[in-house]
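Asker:
Numbering (this note's numbering), first residue to last: 92 to 444.
(1) Does the Cβ-Cβ distance between residue 131 and residue 155 come in under 8 Å?
(2) Pairing CB atoms from the segment 211–224 with CB atoms from the segment 236–254, are three or more of them under 8 Å?
(3) For residue 174 versus residue 230, is the C-beta spacing smaller than 8 Å?
(4) Is the segment 354–369 touching the segment 409–418, taking contact as three or more C-beta pairs under 8 Å?
(5) Per DSSP, residue 171 forms a beta bridge with which residues?
(6) List the whole-angstrom C-beta distance separating residue 128 from residue 162, where the pair is believed to meet the contact cut-off of C-beta under 8 Å.
(7) Count the other CB atoms within 10 Å of the CB of residue 396; is the residue buried (16 or more) or exposed (fewer)?
(8) Can you tell me the Cα-Cα spacing of residue 107 and residue 122, whole angstroms?
(9) Please tell me whether residue 176 and residue 208 are closer than 8 Å, where the distance is taken between their beta carbons.
(10) For residue 268, which of 183, 251, 259, 257 has the nearest alpha-carbon?
(11) Name the two residues that bound the continuous alpha helix (DSSP H) containing residue 388.
(12) To the nearest angstrom, how far is it from the Cα of residue 294 to the Cα of residue 285?
(13) Is there a C-beta anywhere in chain B that falls below 8 Å from the one on residue 273?
(14) Please classify residue 202: does DSSP put it in a helix, a strand, or coil?
(15) I need the DSSP call for residue 160, collapsed to helix, strand or coil.
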């Protein structure tokens, strides 16, 4: 049997219920999803890691049997999340085609290594979700551990990062997904709008963003009766609404060979390169001034951090966000980076021996 390929088509669509709850619910959901003709892989949560005990934590082995039956009936490959070596062994015994390492597991190198040891010597397809907290090195480390035990068919899942506030359940922090693509461009990346959005009304905009960032596909949760789901009811779609969502997404080409396109793009890129050079020249000059400020503070025995002064700068520039046509979030990130580098420069001057 040919091993499933994560890069055979774009978009690759993975869908199924958040949790396998009952045999009837699991099979009927999978049947309806398969009948759409838009889904490439069926998924379901069999073991559900929960923050607090007492919540629904999955049905375990019976869920694997239901998914195996769904695979036999529909002919589609199946995927489940694993968090322990025992999960890996059980999933492979039931013929699961794709395993994914969840965000709560990726954050723990000990757990990732336990999974890797169980996978050693297999040619299993593995997807790795980003860790819950925004530490890209944990994400990279999980991939490297898999490779060290011989796993080569690896993909990434971007499901956002835990955050307080905001309209989404998880903060997308798209720049970290882009950075991961930069570090490991050979790996396909799948967007998880269900876990980023957390609510049905935001799924379409998040899914389109994934497509616009050249993701390879999506993993979307679907349930025959979301309002009665045992886990995450607000982010799951009935199969008919899944069809609507998937048909609404515009998957653009990465590039075209039209001479006029190439010429126009090259022109704009040259302009951006020039602007970037000017921006970083200005930043360099700013840091020279920061060093001079550090010398004055050192000579007068004054602390580096002047919080009142910095607050005034931040408030002044944020007030111009509409005029600058830049989001306040973006401005805040840039200002924070500049401030930290400025403090570093002043610290070097003031503590030079």
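Just so you know, even glycine gets a beta-carbon here, dropped at the ideal spot from N, CA and C. None of these values were measured; they are calculated from a predicted model.
Answerer: So, from the data block:
(1) Mapped onto the chain shown, residue 131 falls at position 40. Mapped onto the chain shown, residue 155 falls at position 64. Contact: no.
(2) yes
(3) Along the chain shown, read from residue 1 onward, the residue named residue 174 stands at position 83. Along the chain shown, read from residue 1 onward, the residue named residue 230 stands at position 139. No, they are not a contact pair.
(4) Contact between the segment 354–369 and the segment 409–418 is absent, because fewer than three Cβ pairs lie under 8 Å.
(5) Your numbering for residue 171 matches position 80 in the chain shown. The partner list for residue 171 (beta bridge, DSSP) reads 190.
(6) The count along the chain shown starts at 1 and reaches residue 128 at position 37. The count along the chain shown starts at 1 and reaches residue 162 at position 71. The Cβ separation is near 17 Å, so there is no contact.
(7) Reading the chain shown from its first residue, position 305 is the one you call residue 396. Per the 10 Å Cβ criterion, exposed.
(8) Stepping through the chain shown from its first residue, residue 107 is reached at position 16. Stepping through the chain shown from its first residue, residue 122 is reached at position 31. Distance between the alpha carbons of residue 107 and residue 122 is about 10 Å.
(9) The residue given as residue 176 occupies position 85 in the chain shown. The residue given as residue 208 occupies position 117 in the chain shown. The answer is yes: Cβ separation under 8 Å.
(10) The residue labelled residue 268 in the question sits at position 177 within the chain shown. When only C-alpha atoms are compared, the closest one is 251.
(11) In the chain shown, counting from the first residue as 1, residue 388 sits at position 297. Counting along the chain, the alpha helix (DSSP H) containing residue 388 begins and ends at 350–390.
(12) For the purposes of this step, residue 294 is taken as residue 203 along the chain shown, with counting starting at 1. For the purposes of this step, residue 285 is taken as residue 194 along the chain shown, with counting starting at 1. Approximately 6 Å, taken between the alpha carbons.
(13) The chain inventory of the structure shown lacks chain B, comprising one protein chain alone.
(14) Walking along the chain shown from the start, residue 202 turns up at place 111. Helix, per DSSP.
(15) On the chain shown, position 69 is the one that residue 160 refers to. Helix at residue 160.
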